[in-house]
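Accompanying notes for the structure given below.
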């Protein structure tokens, strides 16, 4: 029998009844190479999800553009009907054409279709949280985006009014964009790139902590390729840990609103 572990405590999303374990599971690695197509071993992916939930994780981060569609279909295969306390958070605002690239998908039609695709492939009638993914100049959208997000956000607000979304979050955004969005609707979480080589959000995180808004760091080890950082290696050697073990400077410790994810395709 799997024994539930200490997952760093819990966190209540602002102005909601949603309580999350601070350590969540990021589903990116459930798809095939490059987050495209099915994984080599679907049974292993299913086992990972079931083990994560058995350990007490109740927060899964996903998107229907992972695969595309594949990741959500595997989540449904592994966990549906879902435990009552399981919170599935998805992202919209991107699409995957046949060349396997990552492209913006911001029109009202694209965003609406994306929410419906997530609901269908996950087997849900309403999404707990939908993050609007903004776009930046970096590879795979890893740079913080610039510009207004009011128009795409208004589409999600309308879908929330229709009862298809309970809460809205943001991904890949700046502090200025957060202020713009917060003036339009309640934002319960922010998901941005954060690691020892990318700490531009330090002041932003402190501000979110004051407001009680969750901060979900992605690419904690640098993204899809190994992070080549002299800072990371020096810190890891100094503490006699491997890089992967040490690169949790804020998300596992000093920041009360950080909700890091583990990402793996095997138990």
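Residue numbers (our numbering): 163 to 429. Glycine included, each C-beta is placed from N, C-alpha and C at the ideal position.
Next item on the list: Evaluate residue 318 with the Cβ neighbour count: other Cβ atoms within 10 Å of its Cβ, from every protein chain shown; 16 or more gives buried, anything less gives exposed.
Entry: As a working mapping, residue 318 is identified with position 156 in the chain shown. Buried, because 16 or more other Cβ atoms sit within 10 Å of the Cβ of residue 318.
Margin query: Assuming residue 223 is part of the alpha helix (DSSP H), what are its boundary residues?
Written below: Taking the first residue of the chain shown as position 1, residue 223 is located at position 61. Element bounds for residue 223: not the alpha helix (DSSP H) but the beta strand (DSSP E), 221-223.
Note to self: On the CB-based measure, 16 or more other CB atoms within 10 Å of its CB, does residue 263 come out buried or exposed?
What the structure shows: Your numbering for residue 263 matches position 101 in the chain shown. Answer is exposed; the Cβ neighbour count stays below 16.
Margin query: Check for me: the beta strand (DSSP E) holding residue 357 runs from which residue to which?
Written below: Here residue 357 corresponds to residue number 195 of the chain shown, with the count starting at 1. Counting along the chain, residue 357 falls outside any beta strand (DSSP E), and DSSP gives it neither H nor E.
Check: By Cβ distance below 7 angstroms, which residues in the same chain neighbour residue 455 in space, the five residues on each side in sequence not counted?
Finding: Limits of the chain in this structure are 163 at one end and 429 at the other, which puts residue 455 out of reach.
Notebook entry, point to check: For residue 312 versus residue 272, is the C-beta spacing smaller than 8 angstroms?
Noted result: For the purposes of this step, residue 312 is identified with residue 150 of the chain shown, where counting begins at 1. For the purposes of this step, residue 272 is identified with residue 110 of the chain shown, where counting begins at 1. Going by C-beta atoms, residue 312 is not nearer than 8 angstroms to residue 272.
Check: CB residue 218 to CB residue 175, shorter than 8 angstroms?
Finding: Within the chain shown, residue 218 is the residue found at index 56, counting from 1. Within the chain shown, residue 175 is the residue found at index 13, counting from 1. Their beta carbons are not under 8 angstroms apart, which means residue 218 does not touch residue 175 by this criterion.
Next item on the list: Kindly indicate if chain C contains any beta-carbon less than 8 angstroms away from that of residue 239.
Entry: Among the chains in the structure shown there is no chain C, since it carries only a single protein chain.
Notebook entry, point to check: Looking only at DSSP bridge pairs, what is residue 253 linked to?
Noted result: The sequence position of residue 253 within the chain shown is 91, counting from 1. 293.
Next item on the list: Check whether the Cβ atoms of residue 335 and residue 352 lie closer than 8 angstroms to each other.
Entry: Walking along the chain shown from the start, residue 335 turns up at place 173. Walking along the chain shown from the start, residue 352 turns up at place 190. Against a cut-off of 8 angstroms, the Cβ pair of residue 352 and residue 335 comes out as a contact.
Notebook entry, point to check: For residue 371, which of 339, 360, 327 and 421 has the nearest alpha-carbon?
Noted result: The count along the chain shown starts at 1 and reaches residue 371 at position 209. It is 421.
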